[in-house]
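Novice:
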Amino acid sequence: MSVSNVSTLLYIYPIILINIKNIYNEYIDILSIKYIENLKISSIPKSRGFAGVISKYGFSLGPKTHGSRHHRSLGSIGAGTTPGRVLINKKMSGRVKVKINKMNKKNLNINLNNSLLQIQGTLNGVKLSNIFIYF
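Taking the numbering used here, the leading residue of the sequence shown gets 1, the next gets one more, and so forth.
#1: Can you tell me the Cα-Cα spacing of asparagine 89 and glycine 78, whole angstroms?
#2: What three-state label does DSSP hand serine 43 in the structure shown?
#3: From His66, Gln120 and Ile133, pick the residue whose C-alpha is nearest to that of lysine 106; which is it?
#4: Would the C-beta of lysine 106 count as close to the ligand SAM, meaning under 8 Å from any of its heavy atoms?
#5: How many whole angstroms separate the CB atoms of arginine 85 and glycine 49, which I take to be in contact at a CB cut-off of 8 Å?
#6: Rounded to whole angstroms, what's the CA-CA distance from histidine 66 to isoleucine 54? Just pull it up for me.
#7: Around the C-beta of isoleucine 36, are 16 or more other C-beta atoms found within 10 angstroms, so that it is buried, or is it exposed?
#8: Kindly indicate which three-state DSSP category isoleucine 77 falls into: helix, strand or coil?
#9: What's the gap between the Cα of leucine 117 and the Cα of asparagine 109?
#10: With which residues is phenylalanine 132 paired in a DSSP beta bridge?
#11: Would you list the residues sitting across from lysine 105 in a DSSP beta bridge?
#12: Going by C-alpha distance, which of Ser43, Lys34, Asn38 and Leu39 is nearest lysine 99?
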């Protein structure tokens, strides 16, 4: 919220509701969201793809000068003959996993004519990705 009490982070997302029965065998309607102030919203963010150990785990950089060739590399991955293998759960470079985020967002407005839900803040994910609303 800014000084003039006008929020700058307002986004409007379309709602696609499927008729779902709840525990009490009643259909959930869009009007039931209208009276809830905070919504639990989860979305799947963008994948970060293949990453090295510095960006994935926050490892420190190696020396940049004095003939070093260990700038952004992992370093040693284990002992030699004993155990003779790489131990499990060793932090190595690879694909960064997608974490599903669950956020509490403030419900601001519902437009029933255009089936739009207005919430405060931003949401993770690519365009046209699925957004799950829990209430």
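Note that CB positions come from ideal geometry on N, CA and C, so glycine has one too.
Keep in mind it's a predicted model, so treat the numbers as computed, not measured.
Specialist: This is what the structure holds:
#1: Start at 1 with the first residue of the sequence shown, and residue 89 comes out as number 89. Start at 1 with the first residue of the sequence shown, and residue 78 comes out as number 78. Each residue's Cα considered, the two are about 12 Å apart.
#2: Sequence index remark: in the sequence shown, residue 43 carries index 43 (1-based). Correct three-state label for serine 43: strand.
#3: Along the sequence shown, read from residue 1 onward, the residue named residue 106 stands at position 106. When only C-alpha atoms are compared, the closest one is Gln120.
#4: Questions concerning the ligand SAM fall outside what the structure shown contains, since it holds no ligand whatsoever.
#5: Position 85 of the sequence shown holds residue 85. Position 49 of the sequence shown holds residue 49. Arginine 85 to glycine 49, Cβ: 28 Å. No contact.
#6: Here residue 66 refers to the residue found at position 66 when the sequence shown is read from its first residue. Here residue 54 refers to the residue found at position 54 when the sequence shown is read from its first residue. If you take the alpha carbons of histidine 66 and isoleucine 54, they lie about 21 Å apart.
#7: The residue given as residue 36 occupies position 36 in the sequence shown. By the 10 Å Cβ count, isoleucine 36 comes out exposed.
#8: By 1-based counting over the sequence shown, the position of residue 77 is 77. Correct three-state label for isoleucine 77: coil.
#9: What you label residue 117 is simply residue 117 of the sequence shown in a count that begins at 1. What you label residue 109 is simply residue 109 of the sequence shown in a count that begins at 1. Cα to Cα, the separation comes out at about 6 Å.
#10: Locating residue 132 in the sequence shown gives position 132, counting from the first residue. DSSP, once it has assigned bridges, lists Ser42 as partnering phenylalanine 132.
#11: Residue numbering aside, residue 105 sits at position 105 when the sequence shown is read from its first letter. In the DSSP output, where bridge partners are listed per residue, lysine 105 has Leu39.
#12: Walking along the sequence shown from the start, residue 99 turns up at place 99. Here the closest residue by C-alpha is Ser43.
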